[in-house]
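Peer 1: If you read the protein sequences in the order shown, they are chains A and B. Under the working numbering, the first residue of the first sequence carries the number 1, and numbering increases by one thereafter. Under the working numbering, the first residue of the second sequence carries the number 1, and numbering increases by one thereafter. Even for Gly, the Cβ is constructed at its ideal location relative to N, Cα and C.
There are 2 protein chains.
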Amino acid sequence: ALLAAGHRLRAQDLGGLTAVGITAVRLRRRPRVTIVSSGDEVVPPDREPGPGQIRDINTYTIGALVREAGGIPIPLGIAPDREEPLRALAARAVSEGDLAVFSAGSSVSVRDITATVINGLGRPGVLVHGLSIKPGKPTILALVGNKPVVGLPGNPVSAIVIAGLFVVPAIAALLGLREPPRRTEVTAVLAKNVNSVPGREDYVPVRLLWQDGILRAEPVFGKSNLISTLVRADGLIRVPPDANGIPAGEQVTVRLF
Amino acid sequence: ALLAAGHRLRAQDLGGLTAVGITAVRLRRRPRVTIVSSGDEVVPPDREPGPGQIRDINTYTIGALVREAGGIPIPLGIAPDREEPLRALAARAVSEGDLAVFSAGSSVSVRDITATVINGLGRPGVLVHGLSIKPGKPTILALVGNKPVVGLPGNPVSAIVIAGLFVVPAIAALLGLREPPRRTEVTAVLAKNVNSVPGREDYVPVRLLWQDGILRAEPVFGKSNLISTLVRADGLIRVPPDANGIPAGEQVTVRLF
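(1) Do you know how far the Cα of Ala91(A) is from the Cα of Ile57(A)?
(2) Report yes if the CB atom of Gln12(A) is closer than 7 Å to the CB atom of Ile160(B), and no otherwise.
(3) Mind checking which residues open and close the beta strand (DSSP E) that includes Arg207(B)?
(4) Quick check on Phe257(A) - is its C-beta less than 7 Å from some C-beta in chain B?
(5) Along the region 47 to 61 of chain B, what residues have a CB closer than 9 Å to any CB found in chain A?
(6) Got a sec: is the Cβ-Cβ distance from Thr184(A) to anything in chain B below 7 Å?
(7) So, with DSSP's three-state summary, where would you put Gly77(A)?
(8) At the level of alpha carbons, what is the spacing between Pro205(A) and Arg55(B)?
(9) For Ile171(B), tell me which candidate among Ile237(B), Leu89(B), Val101(B) and Arg123(B) has the shortest Cα-Cα distance.
(10) Quick check on this structure: which residue in Leu27(A), Asp212(A) and Gly15(A) has the alpha carbon closest to the alpha carbon of Thr177(A)?
(11) Consult DSSP for Pro148(A) and reduce its assignment to one of helix, strand or coil.
(12) Mapping the DSSP letters down to three states, classify Arg87(A) as helix, strand or coil.
(13) Would you call Leu9(A) buried or exposed, if buried means 16 or more other Cβ atoms sit within 10 Å of its Cβ?
(14) Do Ala19(A) and Ile227(B) come within 7 Å of each other at the CB atom, strictly closer than that value?
(15) Check this for me: beta carbons of Leu76(B) and Ala93(B), under 7 Å apart or not?
(16) Go to Val157(B), then tell me how far its beta strand (DSSP E) extends in each direction, as first and last residue.
(17) Does the contact criterion of 3 or more C-beta pairs under 8 Å hold for the region 29 to 49 of chain B versus the region 69 to 89 of chain B?
(18) Skipping 5 residues on each side, what residues in its chain have a beta carbon closer than 6 Å to that of Pro180(A)?
(19) Taking Glu250(A) as the reference, give the member of Ala233(A), Leu230(A) and Lys192(A) with the closest Cα.
(20) Residues of the region 9 to 23 of chain A in Cβ contact with chain B at a cutoff of 9 Å, in chain order, please.
(21) Any C-beta of chain B sitting closer than 7 Å to the C-beta of Ile72(A)?
(22) Hey, how far is the Cα of Val150(B) from the Cα of Arg29(A)?
(23) Is it right to say Pro240(A) is buried, meaning 16 or more other beta carbons lie within 10 angstroms of its own, or is it exposed?
(24) Helix, strand or coil for Arg55(A) per DSSP?
(25) Using a Cβ-Cβ cut-off of 7 Å, state whether Pro45(A) counts as contacting chain B.
(26) Consider the Cβ of Leu127(A): report whether some Cβ of chain B lies at a distance smaller than 7 Å.
(27) According to DSSP, is Gly235(B) helix, strand or coil?
(28) Which residues in chain B have a C-beta closer than 7 Å to the C-beta of Pro156(A)? List them in chain order.
(29) Can you check which of these residues, Leu99(B), Ala243(B), Ala188(B) and Arg32(B), is closest to Leu236(B) by C-alpha distance?
(30) DSSP state of Glu185(A), grouped into three classes?
(31) Which residues bound the beta strand (DSSP E) around Ala100(B)?
(32) Could you compute how far the alpha carbon of Pro44(B) sits from the alpha carbon of Gly154(B)?
(33) Taking buried to mean at least 16 other C-beta atoms within 10 Å of its own C-beta, is Ile74(B) buried or exposed?
(34) The alpha helix (DSSP H) that contains Leu174(B), what's its start and end?
(35) In the DSSP assignment, the alpha helix (DSSP H) including Leu14(A) goes from what residue to what residue?
(36) Check distances from the C-beta atoms of the region 168 to 179 of chain B to those of chain A and list, in chain order, the residues that come in under 8 Å.
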């Protein structure tokens, strides 16, 4: 074979194919990724939020990540925090998607509803409920039959970080790619101390800036429900689980967005 | 402003916009990039080439690079090596495209025709004809009015290398991006000597392989008309103009495709 299965077609590969007169190839279908947001407080972005309400962000950020990874995002809308309506939408998500992504409400009771609903859809159900990752603790990883299901945290920053760690590689696997997608990485000098708790993997957004000929990574601190922290950031650094932080002045690898 | 002009919208930026209820934004239009292949010997890829004929490769490889860079490729077909018909297609390319890309025949006489035709379309015309770059010597850079025009070498490998150096950044400029697109780079140990001529910038395709825990970059040697050399390669290394090569064992930066 000119090109092995699982190869991502680059410009020169199309050239190699046309050179020998191959003008049509069988490709792996782009995976359909259904997206369900949930939460009584979540309203569509074109609506003015009332007291205690917030606009739906995750449908759009996760949709963009899905598209970038080679999948087709299929947003199914916003489910309220009750088992019955959430179950109906979740069943549709699992049947219509090659991969189903839920962005659960952030309160513990609501997360439990999501896990209960996923378990009710079929076996084996929830495999992982909770990760030693910050942000991203309330993540759910599940299988309904052979369909992968990811329950993202409701907080927009956590949802993006966890989607990068689990949804993007799942799409690459569904695409049959031999290699996971590569994110551009740069090396920089950490500009401020980053604290962490041993036993937990931390992802910290950083902004890059050149200063006196040195590329510096400045942590962008902020709550995980503030999407603006990621808007101001250029990438993420990872604090490994066995560390209790990274001191200012250390070299760090920044995974660019 | 939430986001400055010239910003490439990432997933979190869409989130930042929806968070404040902005559901529509004004975007820079994707540049239309017209592509003309030329050469009496060039036939469409679905046709069986006769003696001395070759299938058109550049329309498809350059089209893929244009799309990847954020442009809209508009292939205009294959022009014969005569001024009149080439002029007609070239005039259409410049009027319909925000950027016009010609992939000229490889013989000197044909390159001269391309330059003559571009000069005939309007001022200032051809600005650069020939570069100290290998592969890519017969490159033409031109302006017709305020429309950028790039004349790529006809050899498929040269065409891809030169398109990466000039067409991709031109599209980024037309998109108004503040930063040129970043290609992923990795550091590797050169596995074989690479020879070069001082005064000339060389781009050498390399294949990456892990060997005894070391990432090695193995040069893929081959003629610049053999697209298969790039199909087998993972990236390019650059030999700067002041060097007469890079010895095996040196650390090199590989720009991945």
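Peer 2: Looking at the coordinates:
(1) Locating residue 57(A) in the first sequence gives position 57, counting from the first residue. Locating residue 91(A) in the first sequence gives position 91, counting from the first residue. Their backbone Cα atoms lie some 22 Å apart in a straight line.
(2) Numbered from 1 along the first sequence, position 12 holds the residue referred to as residue 12(A). Numbered from 1 along the second sequence, position 160 holds the residue referred to as residue 160(B). Taking a C-beta distance under 7 Å as the contact criterion, Gln12(A) and Ile160(B) qualify as a contact pair.
(3) Start at 1 with the first residue of the second sequence, and residue 207(B) comes out as number 207. That run of the beta strand (DSSP E) goes Glu201 to Gln211.
(4) Residue 257(A) sits at position 257 when you count from the first residue of the first sequence. Chain B, which has a Cβ nearer than 7 Å to the Cβ of Phe257(A), makes this yes.
(5) Residues passing the 9 Å Cβ filter: Arg47, Glu48, Pro49, Ile54, Arg55, Asp56, Ile57, Asn58, Thr59, Tyr60 and Thr61.
(6) Counting from one through the first sequence, the residue named residue 184(A) turns up at place 184. Closer than 7 Å to some Cβ of chain B, the Cβ of Thr184(A) qualifies, so yes.
(7) Looking up residue 77(A) in the first sequence gives position 77. Note: Gly77(A) maps to strand in three-state DSSP.
(8) Against the first sequence, residue 205(A) aligns to sequence position 205. Against the second sequence, residue 55(B) aligns to sequence position 55. Straight-line Cα distance between these residues: approximately 48 Å.
(9) Looking up residue 171(B) in the second sequence gives position 171. When each option's Cα is compared against that of Ile171(B), the closest is Val101(B).
(10) Your numbering for residue 177(A) matches position 177 in the first sequence. The question names Thr, but residue 177(A) is Leu in the sequence shown. Scanning Leu27(A), Asp212(A) and Gly15(A) for the CA closest to the CA of Leu177(A) turns up Leu27(A).
(11) In the first sequence, residue 148(A) corresponds to position 148, counting from 1. Here Pro148(A) sits in strand by DSSP.
(12) For the purposes of this step, residue 87(A) is taken as the residue at position 87 of the first sequence. DSSP places Arg87(A) in helix when its eight states are reduced to three.
(13) Translated into positions along the first sequence, residue 9(A) becomes position 9. Classification for Leu9(A): exposed.
(14) Position 227 of the second sequence, counting from 1, holds the residue named residue 227(B). Position 19 of the first sequence, counting from 1, holds the residue named residue 19(A). Contact annotation: Ile227(B) and Ala19(A) have beta-carbon atoms nearer than 7 Å.
(15) The residue you call residue 76(B) lines up with position 76 of the second sequence. The residue you call residue 93(B) lines up with position 93 of the second sequence. With a cutoff of 7 Å on beta-carbon distance, Leu76(B) and Ala93(B) are scored as near each other.
(16) The sequence position of residue 157(B) within the second sequence is 157, counting from 1. Counting along the chain, Val157(B) falls outside any beta strand (DSSP E), though it belongs to the alpha helix (DSSP H) covering Pro156 to Ile162.
(17) Flag = yes, the region 29 to 49 of chain B and the region 69 to 89 of chain B touch.
(18) The residue you call residue 180(A) lines up with position 180 of the first sequence. These residues qualify, in order along the chain: Pro169 and Ala172.
(19) On the first sequence, position 250 is the one that residue 250(A) refers to. Minimum Cα distance to Glu250(A) is reached at Lys192(A).
(20) Those residues of the region 9 to 23 of chain A that come within reach of chain B (Cβ to Cβ, closer than 9 Å) are Leu9, Arg10, Ala11, Gln12, Asp13, Leu14, Gly15, Gly16, Leu17, Thr18, Ala19, Val20, Gly21, Ile22 and Thr23.
(21) For the purposes of this step, residue 72(A) is taken as the residue at position 72 of the first sequence. Not an interface residue.
(22) Reading the second sequence from its first residue, position 150 is the one you call residue 150(B). Reading the first sequence from its first residue, position 29 is the one you call residue 29(A). Answer to the nearest angstrom: the Cα atoms are 35 Å apart.
(23) Position 240 of the first sequence holds residue 240(A). By the 10 Å Cβ count, Pro240(A) comes out exposed.
(24) On the first sequence, position 55 is the one that residue 55(A) refers to. DSSP places Arg55(A) in strand when its eight states are reduced to three.
(25) On the first sequence, residue 45(A) is found 45 positions in, with the first residue counted as 1. Yes, its Cβ sits closer than 7 Å to a Cβ of chain B.
(26) Within the first sequence, numbered from 1, the residue matching residue 127(A) stands at position 127. Judged by the 7 Å Cβ criterion, Leu127(A) is not in contact with chain B.
(27) Locating residue 235(B) in the second sequence gives position 235, counting from the first residue. The three-state reading of DSSP puts Gly235(B) in strand, counting E and B together.
(28) Counting from one through the first sequence, the residue named residue 156(A) turns up at place 156. For Pro156(A), the neighbours in chain B by C-beta distance under 7 Å run, in chain order, Gly15.
(29) In the second sequence, counting from the first residue as 1, residue 236(B) sits at position 236. Of the candidates Leu99(B), Ala243(B), Ala188(B) and Arg32(B), the one whose C-alpha sits nearest the C-alpha of Leu236(B) is Ala188(B).
(30) For the purposes of this step, residue 185(A) is taken as the residue at position 185 of the first sequence. Residue state, collapsed to three classes: strand.
(31) In the second sequence, counting from the first residue as 1, residue 100(B) sits at position 100. DSSP places Ala100(B) inside the beta strand (DSSP E), whose first and last residues are Leu99 to Ser103.
(32) On the second sequence, position 44 is the one that residue 44(B) refers to. On the second sequence, position 154 is the one that residue 154(B) refers to. Between the C-alpha atoms of Pro44(B) and Gly154(B) there is a straight-line separation of about 15 Å.
(33) As a working mapping, residue 74(B) is identified with position 74 in the second sequence. Burial call: buried.
(34) Here residue 174(B) refers to the residue found at position 174 of the second sequence. Val168 to Leu174 is the span of the alpha helix (DSSP H), which, as asked, contains Leu174(B).
(35) Here residue 14(A) refers to the residue found at position 14 when the first sequence is read from its first residue. Leu14(A) -> alpha helix (DSSP H) spans Ala11 to Ala19.
(36) Flagged: no residues at all.
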